[in-house]
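Before any comments, here is the structure.
Number of protein chains: 2
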Amino acid sequence: MNVLAIDIGGTKIAAAAVNSDGRILARHEVLLAAAGSPDRALTTIIEAILARVPADELQGVGIGSAGPLDVARGAVSPINIPAWRDHLLVDAVAALLPDRPVRLAGDAQCMALGEWWRGAALDRRSETLLGIVVSTGVGGGWVLDGVPYLGCTGNAGHIGHIAVDLDGDRCSCGSFGCVETIASGPSMTAWARRRGWNGSDARALALAAAEGHPIAVAAFGRAADALATAILTAAVLMDLDRVVIGGGVAAAGSVLFGPLGQAVADRNCLPYTRRLRIGPTTLGRDAGLLGAAALALAPSSPALVPHPPHPPHPQGASL
Amino acid sequence: MNVLAIDIGGTKIAAAAVNSDGRILARHEVLLAAAGSPDRALTTIIEAILARVPADELQGVGIGSAGPLDVARGAVSPINIPAWRDHLLVDAVAALLPDRPVRLAGDAQCMALGEWWRGAALDRRSETLLGIVVSTGVGGGWVLDGVPYLGCTGNAGHIGHIAVDLDGDRCSCGSFGCVETIASGPSMTAWARRRGWNGSDARALALAAAEGHPIAVAAFGRAADALATAILTAAVLMDLDRVVIGGGVAAAGSVLFGPLGQAVADRNCLPYTRRLRIGPTTLGRDAGLLGAAALALAPSSPALVPHPPHPPHPQGASL
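What follows is the structure, given as structure tokens:
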């Protein structure tokens with residue numbers, strides 16, 4: 171059985187035909203800036219895949235998309251794709267490849283699922299895995315008891331918007347001190363620049379940290395602290411055994427994972443959270459595509475199909 | 171179908187025969203201090219139930235116990251029952267009522283399950299519910315997509331040990347600024363007494379807060395802030411739609427729920443978490459017993475039977 175996997179990021183759209191062993195049979199990628207429009211980019215990559223794997227050999231479609239999502243309606247509004255606002259992506263893909271189930275989840279949710287299926291937790295011994303993407307934002311996704319957990323509205327795992335510093339900066343979400351205000355690439359870069367570092371982006375900041383630049387090292391230490399707090403919270407709440415971190419900032423390697431491991435070790439006090447293992451993505455940029463394929467391949471399960479939002483509660487005490 | 175439900179608390183053991191509609195057919199409770207030993211208390215309550223509902227009418231057993239637990243081995247070490255350390259409770263109960271499945275979960279996990287089954291979320295529209303017990307400690311439990319989620323080692327939901335104030339007091343767990351260091355009854359009482367309030371316990375503190383004593387009001391406001399942070403974190407991570415709070419401190423009512431509702435409303439910024447409803451337990455002291463019954467009655471499910479801890483990961487990058 172083969173499926174079509176689609177990964178919608180902030181700057182590019184990738185697609186692949188993937189078989190049930192996780193082998194990528196064909197792969198194509200289009201930069202959004204080069205495609206003219208996101209609709210054209212989507213059509214282009216699907217046509218490129220179908221030119222190599224015939225449509226009648228693809229039994230389903232899985233899509234991982236940058237959010238926000240409205241999974242019940244199959245709609246996406248990726249922050250960095252302004253042309254798509256409440257865009258009915260599932261319907262659009264179904265029109266290009268009719269009569270197949272099309273499943274949608276968040277990009278970080280697909281990354282988690284991909285890592286669980288074919289990557290860092292390949293042995294399947296990690297029953298409860300949190301995947302985190304640290305990039306221009308900070309996202310995440312769950313695999314619980316070996317099943318993707320997307321949440322009732324499809325938004326579970328959004329670790330970038332938990333507060334780790336109540337006295338911290340205002341976040342784009344309106345709250346204060348969210349992980350994303352400290353550990354995203356733009357937040358780290360802005361923090362370092364306010365303190366006199368002159369580089370332009372998170373990649374330069376990682377190089378500077380690797381060379382020992384004190385402001386850059388401090389920026390990564392601060393991001394590691396915020397991520398450690400969030401990860402330990404997740405571990406305590408969900409009895410977690412594996413965290414896999416991907417995304418551009420995570421590609422910095424030891425300047426992030428060194429202080430992160432130390433911060434987690436310093437504060438990891440409960441017996442049941444001590445088994446927690448944290449590491450970088452092992453699938454790189456393919457994690458999201460393979461997770462989207464896993465989403466399409468998974469047996470139909472209530473946990474895989476988010477429920478529509480419920481009507482207001484008719485009874486009971488509420489605040 | 172009827173089952174035996176057992177609720178092991180810090181100061182008492184309760185048991186009930188419960189039918190599949192959630193009706194309590196017989197109920198008995200023993201104060202640990204009066205029983206001589208916890209083993210004697212357990213035998214006494216089970217015999218008291220069996221005197222009213224014959225053993226051959228009970229098809230299974232569910233136990234909710236104060237922790238820590240080792241669910242894979244069926245062992246409990248309740249902090250306030252020093253005679254039971256790594257006590258093989260499941261085996262002990264199975265010896266008293268042989269040839270029936272015996273299931274064990276945390277007391278707060280059972281409270282959550284009871285509220286979902288017969289209480290605050292009775293209409294079952296709350297697919298994802300967090301139950302919180304605020305008492306001498308702060309515990310919790312999950313129902314996710316309509317299924318109890320206990321975690322791999324049976325410890326999921328332990329919301330009292332997530333950090334909400336990194337500059338906060340050292341917690342009994344060894345970490346700093348855990349919810350329990352701020353919002354448990356003893357923590358609130360100690361905080362108020364250090365500031366000149368003269369009462370002795372959380373019940374007196376609640377009465378003082380209701381009468382407008384400024385230190386008592388501040389203690390509840392501080393606890394509400396900590397709980398609000400923890401609840402919003404849970405809501406963001408798990409796409410949560412319902413929180414039910416029980417336990418002695420929650421019995422304080424509006425002096426807790428007033429500032430809690432305000433603190434949550436002030437910081438609840440993501441569209442998908444705005445549907446969150448928070449309220450007090452509606453089953454009171456029966457929530458744990460009914461949850462233990464639900465645990466016994468639930469169809470066998472991987473999510474209900476925690477997996478044993480895994481051996482160390484044989485491959486892959488770890489910190």
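Protein chains in written order, with the working numbering: chain A, 171 to 489; chain B, 171 to 489. Ideal Cβ placement from N, Cα and C applies to all residues, glycine included.
Proximal residues of chain A, C-beta to C-beta of residue i below 7 Å
i                      : result
residue 308 of chain B : Residues of chain A passing the Cβ test: none, with the nearest at roughly 12 Å.
residue 327 of chain B : 407
residue 574 of chain B : What the structure shows of chain B is the stretch from 171 to 489, and residue 574 of chain B is not part of that stretch, so it cannot be assessed.
residue 274 of chain B : Those do not exist, as residue 274 of chain B stays about 15 Å from chain A at its closest Cβ, beyond 7 Å.
Residue i vs residue j beta-carbon contact at 7 Å
i                      : j                      : result
residue 287 of chain A : residue 464 of chain A : yes
residue 386 of chain B : residue 396 of chain B : no
residue 244 of chain B : residue 177 of chain B : no
residue 301 of chain A : residue 414 of chain A : yes
residue 328 of chain A : residue 406 of chain B : yes
residue 418 of chain A : residue 281 of chain A : no
residue 374 of chain A : residue 426 of chain A : no
residue 460 of chain B : residue 192 of chain B : yes
residue 239 of chain B : residue 279 of chain B : no
residue 409 of chain A : residue 296 of chain A : no
residue 524 of chain B : residue 443 of chain B : Only positions 171 to 489 of chain B appear in the structure, and residue 524 of chain B is not among them; the question remains open.
residue 260 of chain A : residue 274 of chain A : yes
residue 361 of chain A : residue 389 of chain A : yes
residue 420 of chain A : residue 450 of chain A : yes
Cβ-based burial, residue i [other Cβ within 10 Å; buried from 16]
i                      : result
residue 368 of chain A : exposed
residue 381 of chain B : exposed
residue 210 of chain A : exposed
residue 476 of chain B : Only weak support is given to the placement of residue 476 of chain B: the predicted model assigns it a pLDDT of 43, under 50, and the question is left unresolved by the model.
residue 221 of chain A : exposed
residue 181 of chain A : exposed
residue 249 of chain B : exposed
residue 183 of chain A : buried
residue 469 of chain A : exposed
residue 179 of chain B : buried
residue 436 of chain A : exposed
residue 371 of chain B : exposed
residue 307 of chain B : buried
residue 252 of chain B : exposed
residue 344 of chain A : exposed
residue 462 of chain B : buried
residue 355 of chain A : buried
residue 206 of chain A : exposed
residue 454 of chain A : exposed
residue 357 of chain B : buried
Where residue i falls: helix, strand or coil (DSSP)
i                      : result
residue 283 of chain A : helix
residue 479 of chain B : Unreliable placement is indicated for residue 479 of chain B, whose pLDDT of 35 sits below 50; no coordinate value is reported for it.
residue 199 of chain B : strand
residue 193 of chain B : coil
residue 177 of chain B : strand
residue 411 of chain A : coil
residue 253 of chain B : coil
residue 143 of chain A : Past the edges of chain A, shown from 171 to 489, lies residue 143 of chain A, and the structure says nothing about it.
residue 240 of chain A : strand
residue 382 of chain A : coil
residue 340 of chain A : strand
residue 489 of chain B : At residue 489 of chain B the pLDDT is 25, less than 50, meaning the model places this residue with poor confidence; the figure from the coordinates comes in the next sentence. If DSSP states are grouped into helix, strand and coil, residue 489 of chain B belongs with coil.
residue 357 of chain A : helix
residue 459 of chain A : helix
residue 445 of chain A : coil
residue 434 of chain A : helix
residue 450 of chain A : strand
Chain A contact residues for residue i, given Cβ-Cβ distances below 8 Å
i                      : result
residue 437 of chain B : 333, 345, 346
residue 399 of chain B : 333, 336
Same chain, Cβ closer than 6 Å to residue i, neighbours up to 5 away in sequence not counted
i                      : result
residue 398 of chain B : 430, 433, 434
residue 336 of chain A : 347
residue 227 of chain B : 172
residue 339 of chain A : 351
residue 423 of chain A : none
residue 331 of chain A : 343, 348
Neighbourhood of residue i by C-beta distance below 8 Å, restricted to the same chain and skipping five residues each side
i                      : result
residue 216 of chain B : 174, 176, 185, 263, 266, 267
residue 441 of chain B : none
residue 277 of chain B : 177, 178, 179, 234, 235, 236, 237, 303, 309, 458
residue 481 of chain A : Reliability fails at residue 481 of chain A, whose pLDDT of 32 lies under 50, so the model's placement of it is uncertain and the value that follows must be treated cautiously. Counting only Cβ-Cβ distances below 8 Å, and skipping sequence neighbours, we find nothing.
Close Cβ partners of residue i (< 7 Å) along its chain, the five nearest in sequence each way excluded
i                      : result
residue 151 of chain A : Because chain A in this structure spans residues 171 to 489, residue 151 of chain A falls outside the shown range and cannot be described.
Proximal chain A residues relative to residue i, where beta-carbon distance stays under 9 Å
i                      : result
residue 440 of chain B : 238, 325, 328, 331, 343, 344, 345
Proximal chain B residues relative to residue i, where beta-carbon distance stays under 7 Å
i                      : result
residue 526 of chain A : Not covered by the structure: residue 526 of chain A. The range shown for chain A is 171 to 489.
Within chain C, the residues that residue i reaches when beta carbons sit closer than 7 Å
i                      : result
residue 465 of chain B : Within the model displayed, chain C is absent; protein chains A and B are what it includes.
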